[in-house]
Amino acid sequence: MTRHSRSTSRRTVPRVPPALRALLVVVFLYLFLVGVALLEAGIAAMGRGFQAALLESVSHPLSGLSAGVLATILVQSSSVSTSTIVGMVGAGTLPLALAVPMIMGANIGTTITNTLASLGSIRRSDEFRRAFAAATMHDFFNLLAVAVLLPLELATGVLRRAASTLTEFFRDTTFSAAQPGSSPIRDAVKLPVGWIETLLEPGRAAGLLMLALGLGLIFLALAVITRSMRQLIAGSVERLMNQLIGRGGGAVGLLVGIGVTVAVQSSSITTSILVPLVAAGVLSIQSAYPITLGANIGTTLTALLASLAVARPEGLTIALVHVLFNVLGTALVYPLPAVRYLPVRLAQLLAEAATRRHRLVLAYVVSVFVVLPVLGVLLFR
């Protein structure tokens with residue numbers, strides 16, 4: 002084939018119509034919920050021995066926090082890890098008291114994606130300083146939120162109590178009291194799960210297979226949804242960013258971060274857009290900051306969707322804990338001028354040092370995202 006014919010064939014590749022791509026999103030959203038339901042059924046099929054082993058491996062809030070960090074780093078998606086946590090809580094395998102710090106750990110683990118993305122500018126000092134600061138301000142905000150809210154939660158249980166109250170309210174208004182855990186969405190999701198269960202012999206082998214199928218569906222569905230939504234709204238994202246630059250951030254930035262992340266179902270996409278914009282000097286780090294906080298809130302929708310596929314009300318409760326943690330973290334930090342830009346200032350100080358000594362980048366990533374979480378799991382079992 003000649004060069005001309007190859008270039009012609011590339012130009013004539015048919016594009017997927019937006020309506021068909023939107024339908025694809027709906028189909029894979031359903032498959033995502035089926036994956037969560039399979040995860041729940043697989044855990045139940047594994048028996049009490051498997052559940053006890055899981056609980057023994059994570060039996061302390063700090064080990065739960067560390068496990069949440071490591072799990073999210075391994076799958077490179079807080080959406081996958083939080084959906085898995087919802088499924089485990091919904092199956093009765095993981096108690097709320099341990100799931101709460103796991104959710105907080107997932108928030109920390111997801112920030113490694115931006116930090117690694119900023120390394121693309123490491124040979125250009127000025128760009129790298131801005132990019133690394135834009136990436137790590139997300140780290141520092143989540144670390145600060147965990148440092149404040151985890152001790153508060155352990156002392157008072159405020160997040161669990163508030164989420165439990167909200168769960169009762171939503172279940173009273175959306176479900177029948179005569180059929181707890183029942184809903185048209187859940188019934189539709191459980192249908193293929195029931196078919197799979199009838200094809201398999203009961204036991205651990207069936208449980209393992211359903212676990213694998215569930216995790217595979219969650220991965221696949223979120224990947225397709227994210228890619229499709231990104232292509233559907235790519236132009237809108239750029240226009241929103243341009244409008245934000247003109248208006249100067251603040252509340253608009255929070256809303257943009259929430260809206261874009263809800264649309265693409267990935268906070269990493271939202272924040273990954275920001276890193277190169279800040280690196281290039283197109284967007285200031287102060288304007289990018291509220292968008293990052295909005296992305297933190299927007300990503301909680303995935304766990305809420307996952308809770309639709311589980312029967313136990315605790316599944317919805319832990320999803321609401323995720324929402325409350327991110328909303329409360331933002332409410333505690335952003336409105337107060339004295340601490341509003343503390344994560345930004347810390348990120349800028351680290352970026353200045355990392356620009357002068359690149360080895361600090363490796364030391365920071367390894368210590369925060371590998372060494373400390375591994376020690377947390379090992380020391381607080």
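Under my numbering, the first residue of the sequence shown carries the number 2, and numbering increases by one thereafter. All C-beta atoms in this analysis are idealised placements derived from N, C-alpha and C, irrespective of residue type, glycine included.
Check                                                                                                                                                                      : Outcome
For Ala-310, does the three-state DSSP call read helix, strand or coil?                                                                                                    : coil
Would you report the Cα separation of Leu-350 and Arg-360, rounded to the nearest angstrom?                                                                                : 15 Å
Out of curiosity, what's the CA-to-CA distance linking Thr-94 and Pro-185?                                                                                                 : 25 Å
Run through DSSP, which three-state label would Phe-381 get?                                                                                                               : coil
Please classify Val-367: is it buried, with 16 or more other beta-carbons within 10 angstroms of its beta-carbon, or exposed?                                              : exposed
Here's a check: name, in chain order, each residue in its chain whose Cβ is nearer than 6 Å to the Cβ of Leu-278, leaving out the five neighbours to either side.          : Leu-284
Could you confirm whether any beta carbon from chain C is found closer than 9 Å to the beta carbon of Pro-338?                                                             : Looking at the structure shown, chain C is missing, and only one protein chain is on hand.
Using 8 Å as the threshold, is the segment 33-42 in touch with the segment 333-347, meaning 3 or more CB pairs across them?                                                : no
Please report the Cβ distance between Gly-158 and Gly-106, rounded to the nearest whole angstrom; I am assuming they are in contact, meaning their Cβ atoms lie under 8 Å. : Not a contact, Cβ separation roughly 18 Å.
Output the distance between the C-alpha atoms of Gly-88 and Ala-354, rounded to the nearest integer angstrom.                                                              : 41 Å
Taking just the CA atoms, how far does His-61 sit from Ala-20?                                                                                                             : 48 Å
Cα separation between Gly-195 and Glu-202?                                                                                                                                 : 13 Å
How is Gly-182 classed by DSSP in three states: helix, strand or coil?                                                                                                     : Any answer about Gly-182 is weak, because its pLDDT of 46 lies below 50 and its placement is not dependable; what the coordinates show is given next. Coil at Gly-182, not helix or strand.
Please state if the CB of Leu-309 and the CB of Val-324 are separated by a distance shorter than 9 Å.                                                                      : no
Return the chain-ordered ranges of every alpha helix (DSSP H) run that is complete within the segment 102-158 and spans a minimum of 4 residues.                           : 113-118 and 126-157
Judging by CA-CA distance, which residue of Leu-321, Val-27, Leu-63 and Leu-24 is the nearest neighbour of Gly-377?                                                        : Leu-63
To the nearest angstrom, how far is it from the Cα of Leu-167 to the Cα of Leu-160?                                                                                        : 11 Å
Which residues in the same chain as Val-334 place their Cβ atom closer than 6 Å to its Cβ, once the five residues preceding and following it in sequence are excluded?     : Val-340
Let me know the secondary structure DSSP gives Arg-1 once reduced to three states.                                                                                         : Absent from the model: residue 1. The displayed extent of the chain is 2 to 382, so no value can be given.
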